[in-house]
Ligand SMILES: NC(=O)c1ccc[n+]([C@@H]2O[C@H](COP(=O)([O-])OP(=O)(O)OC[C@H]3O[C@@H](n4cnc5c(N)ncnc54)[C@H](OP(=O)(O)O)[C@@H]3O)[C@@H](O)[C@H]2O)c1
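Numbering (my numbering), first residue to last: 996 to 1288.
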């Protein structure tokens, strides 16, 4: 039988083994919410926080940046990324910076076998292919999540299904964000149009354009609307983020998912949407069967 000390040591060891060491690149409007989220997790330890090379944040304590308390994390810059990773050994690095920086970081981190959650948007198709290729080449894990919230992923799924069913309707996307958002259209709007195109292709409709209108104004956190317009009726599917906290919850979900995995994933993998859909269809089948008995 194990002594109390042995039981204590086993449980401490388990905690140490399961603790996910997390680094964060990009300490801007969204990054700060994510930092707060990570610091509040029992199963995560924030080990590194990385700003841009010429940022005034360099050398600050992360806690001071977030609101006048101390953490053990001193902010370093992305031009010393390799040294920071070598020193702090994160299991997963979350990146919410900008596309050029993220691609550079992804190459360094993948070579060092560090897993990543990429929330940055504004990549070209070639950039996204590159992220996929390096994750396979270096066998680390990458979650590419231009749309990190559960709600946005649900409208992706609904839009895909609607396109499959309503393939003779016209689809348009309207997106609205705060006035200084750098990329336009948003990464989420582009992904939504991919999902709609994919749904249309499944039902045999090729090359139907999906126009996107972008509004940049005031402090809108993020709003996406899919208009589905036919000759006789109109459907709208829309999503609005009220606060950046939803981004933090999504990023934490993705960190837990990619820890110790390798390969390239998207949020629909993290959120297990395929399984949920299969279960939904199975339930429908069961209901039909039981009504026939
Ligand atoms: N996936 C999603 O659902 C989602 C949600 C929200 C935002 N985003 C995306 O996330 C990114 C950041 O958004 P945000 O609203 O937080 O923008 P932001 O406030 O402009 O923050 C970006 C931060 O990245 C830092 N940065 C720039 N170059 C860097 C580099 N080379 N190395 C490290 N840090 C660097 C910036 O500079 P300093 O270090 O000088 O401060 C800044 O603090 C954007 O691409 C945005 O579209 C995605």
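Just so you know, even glycine gets a beta-carbon here, dropped at the ideal spot from N, CA and C.
- The count of Cβ pairs closer than 8 angstroms, one atom from the region 1051-1058 and one from the region 1118-1135, stays below three, leaving the stretches out of contact.
- Beta-bridge partners of residue 1149 (DSSP): none assigned.
- The criterion of a C-beta distance shorter than 7 angstroms is not satisfied by residue 1070 and residue 1090.
- The residue from 1163, 1257, 1250, 1211 with its alpha-carbon nearest to that of residue 1226 is 1163.
- With a cut-off of 8 angstroms on Cβ pairs, the region 1169-1179 is in contact with the region 1198-1210, counting three or more such pairs.
- Residue 1236 has 1217 as its beta-bridge partners, per DSSP.
- Here DSSP, grouped into helix, strand and coil, assigns residue 1171 to strand.
- Contact holds between the region 1129-1142 and the region 1181-1194, because three or more Cβ pairs, one in each stretch, are under 8 angstroms apart.
- Under the three-state reduction of DSSP, residue 1133 is assigned to helix.
- By DSSP's assignment, residue 1258 forms a beta bridge with 1136.
- Residue state for residue 1016 is assigned as strand, using DSSP reduced to three classes.
- For residue 1041 and residue 1013, the gap between their C-alpha atoms comes out near 14 angstroms.
- With a cutoff of 7 angstroms on beta-carbon distance, residue 1028 and residue 1218 are scored as not near each other.
- In the three-state reduction of the DSSP assignment, residue 1075 falls in the helix class.
- Following the DSSP letters along the chain, one finds residue 1227 in no beta strand (DSSP E), marked with neither H nor E.
- In the displayed model, residue 1099 falls within a helix according to three-state DSSP.
- Looking only at 1160, 1189, 1097, the smallest Cα-Cα distance to residue 1224 is reached by 1160.
- Residue nearest to residue 1082 within the set 1107, 1098, 1102 is 1107 (criterion: CA-CA distance).
- Residue 1126 has its alpha-carbon roughly 7 angstroms from the corresponding atom of residue 1098.
- Setting aside the 5 residues that flank it on each side, residue 1197 is surrounded in the same chain by 1159, each with a C-beta closer than 7 angstroms to its C-beta; the list follows chain order.
- Excluding sequence positions up to five before and after residue 1056, its CB lies within less than 8 angstroms of the CB of 1065, 1066, 1068, 1069, 1070, all in the same chain and listed in chain order.
- Look at residue 1213: its beta carbon is at least 6 angstroms from all of the heavy atoms in ligand 1.
- Per DSSP, the beta bridge partners of residue 1110 are 1087.
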